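Using the numbering used here, the letters of the sequence shown correspond one by one to residues 8 to 419.
Let me begin by presenting the structure, written as structure tokens, before commenting on it.
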Amino acid sequence: GAQWASLPDNFSCSICLDEFSSPVTIPCGHNFCRNCIIMFWDKQIQYKCPVCNELFQARPDLRVNNLLSEMAAQIKTSVRIKVQPCVEPGEVPCDVCTETQLKAVKSCLACFMSYCQNHLEPHHRVAVLKRHQLVEPMDRLEDRMCKKHDRLLELFCQSEQVSVCQFCTETDHGSHPVVPLKEEYEVKMAQLGKIESDVQQMIQERNIKIKEIKDTVEMGKKDAHREIADGVQVLTALMRRIEKLRDDFNQTVKEKLKSTEKQAEDLIKELEQEIEDLTNRSLEVKQLSHTKDHLNFLQAFRSLKDPPPTRDWTTVEVHTVTYKQQIHIHNYGAFSSRIAEGMNDLEWRFVLQAGKRLKVQPRCVPLYVAGLCDPIVARQIWSRLVGQTIKGILELDEGKTVDRLLGKLVVV
């Protein structure tokens with residue numbers, strides 16, 4: 008690299024201007040790096056020496072110069088000149104350096120290459136190269152040139168949202184408003200902040216929606232467990248005669264809970280996928296926000312302007328399952344008769360004791376016994392039960408209302 012700049016020309020390659028790497032000698036006596044001379048001749052029609060221009064009839068055989076290799080190694084060890092650091096991230100490397108790449112100090116718009124201080128020297132010395140336009144170091148020069156006019160892309164067409172050169176503004180984009188890349192860069196950078204804000208807002212809204220759904224599901228679980236426990240406690244009081252009713256009750260509640268959880272799970276998966284997509288968009292936006300390259304920024308900006316497709320979650324809700332009235336009795340008369348026929352005096356006393364233990368009003372005991380929520384139906388069932396199963400406990404007096412009878416039943 009640059010540490011060899013002060014060495015005699017005899018110890019540096021005349022092609023790459025760097026220290027010799029596998030030096031070889033050609034018939035005219037000049038020495039070159041093996042790879043340098045091979046690449047040089049690969050591009051030539053005639054085989055000649057790059058230094059003295061001596062022509063060779065055929066491609067010469069390359070002879071390894073062992074003495075020069077040893078001398079170059081010794082000089083490299085003894086000189087001990089501090090090596091310049093490699094190119095840092097974000098800096099443009101020299102396109103000519105073969106081993107340790109140094110930072111480029113200029114880019115040539117004619118050569119489409121970037122040069123460090125050492126390799127830029129021919130552009131200051133050779134007359135033809137002096138006419139080349141040198142600019143501040145730029146990466147990927149070929150992408151910065153207009154494909155049609157071979158001129159630097161330094162303007163931006165606001166009508167077609169593309170980068171253009173000065174010649175483009177005089178032809179295809181003659182009637183379009185154009186501004187310098189830097190000006191459009193600043194406008195788009197301001198818009199980028201709004202995009203990032205919108206993405207973060209969407210992520211926050213979806214996180215809130217996930218919490219709402221999870222809270223709803225958790226509440227549904229608690230309600231389900233509570234209802235199952237109450238249902239089991241009440242329905243077990245009827246023992247074997249209504250065991251089927253108890254199982255149906257449990258099954259219905261569990262199925263509704265399962266359905267709600269499945270719906271919530273699907274919604275959460277969809278929300279998490281949208282969050283992942285939006286997070287990826289956020290990373291892309293943040294990465295782009297650090298881009299100082301006007302052209303790359305504007306070319307990448309178009310794909311980030313619109314957010315990824317998402318669902319409108321403001322109308323999506325997971326409703327808590329209602330477990331009331333899960334046990335429906337269509338034939339109240341037949342059902343009450345079946346209960347009355349199956350209950351003996353012992354079972355009846357047990358039901359009354361259960362009612363006292365649950366601290367419910369007499370007229371509400373049927374709600375726990377049959378799982379009903381209709382007080383009219385409950386009183387009808389009680390009326391049938393009073394008429395058919397209380398003979399050994401309480402005489403049914405004609406003319407007395409069910410309410411008064413219920414009052415006596417509680418104290419039995």
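Built from N, CA and C at the ideal position, the CB exists for glycine as well.
Here the structure is a predicted model, which is why all the values come from computation and not from measurement.
Roughly how many angstroms separate the alpha carbons of residue i and residue j, rounded to a whole number?
i, j, result
"residue 156", "residue 24", "33 Å"
"residue 96", "residue 206", "29 Å"
"residue 150", "residue 301", "12 Å"
"residue 256", "residue 287", "46 Å"
"residue 275", "residue 321", "14 Å"
"residue 220", "residue 197", "35 Å"
"residue 208", "residue 317", "13 Å"
"residue 18", "residue 158", "39 Å"
"residue 70", "residue 33", "7 Å"
"residue 263", "residue 323", "19 Å"
"residue 222", "residue 307", "40 Å"
"residue 180", "residue 313", "26 Å"
"residue 226", "residue 259", "17 Å"
"residue 282", "residue 204", "14 Å"
"residue 36", "residue 139", "33 Å"
"residue 68", "residue 298", "50 Å"
"residue 178", "residue 146", "28 Å"
"residue 265", "residue 319", "25 Å"
"residue 117", "residue 218", "60 Å"
"residue 132", "residue 78", "29 Å"
"residue 54", "residue 106", "26 Å"
"residue 228", "residue 239", "16 Å"
"residue 49", "residue 74", "26 Å"
Residue i and residue j: beta carbons closer than 8 Å?
i, j, result
"residue 172", "residue 141", "no"
"residue 199", "residue 296", "yes"
"residue 119", "residue 148", "yes"
"residue 126", "residue 137", "no"
"residue 280", "residue 325", "no"
"residue 327", "residue 254", "no"
"residue 315", "residue 284", "yes"
"residue 224", "residue 193", "no"
Would you call residue i buried or exposed, if buried means 16 or more other Cβ atoms sit within 10 Å of its Cβ?
i, result
"residue 216", "buried"
"residue 62", "exposed"
"residue 46", "exposed"
"residue 195", "buried"
"residue 52", "exposed"
"residue 38", "buried"
"residue 59", "exposed"
"residue 305", "buried"
"residue 135", "exposed"
"residue 109", "buried"
"residue 234", "buried"
"residue 66", "exposed"
"residue 355", "Here the model assigns residue 355 a pLDDT of 49, short of 50, so the residue's position is not dependable and the matter cannot be decided."
So residue i packs on residue j, CB below 8 Å; how close in whole Å?
i, j, result
"residue 290", "residue 213", "No, residue 290 and residue 213 are not in contact; Cβ-Cβ is about 16 Å, not under 8 Å."
"residue 94", "residue 202", "In fact, because the Cβ distance is near 32 Å, the residues do not count as touching under 8 Å."
"residue 165", "residue 183", "7 Å"
Excluding the 5 residues flanking residue i on each side, which residues of the same chain have their C-beta closer than 7 Å to its C-beta?
i, result
"residue 111", "99, 100, 101, 121, 122, 123, 144"
"residue 56", "33, 35, 37"
"residue 72", "30, 31, 32, 38"
"residue 176", "162, 185"
Spatial neighbours of residue i within its chain, please: CB distance less than 6 Å, with the 5 preceding and 5 following residues excluded, ordered by chain position.
i, result
"residue 163", "170, 186, 188, 191"
"residue 20", "27, 39, 40, 43"
"residue 76", "30"
"residue 168", "none"
So, for residue i: in the same chain, excluding its five sequence neighbours on each side, which residues have a beta-carbon less than 8 Å away from its beta-carbon?
i, result
"residue 160", "151, 152, 153, 170, 171, 172, 188, 302"
"residue 113", "121, 122, 127, 130, 141, 142, 143, 144"
"residue 104", "8, 25, 123, 126"
Between residue i and the ligand MG, is the CB less than 7 Å from at least one heavy atom?
i, result
"residue 149", "This structure does not include the ligand MG; it has no bound ligands of any sort."
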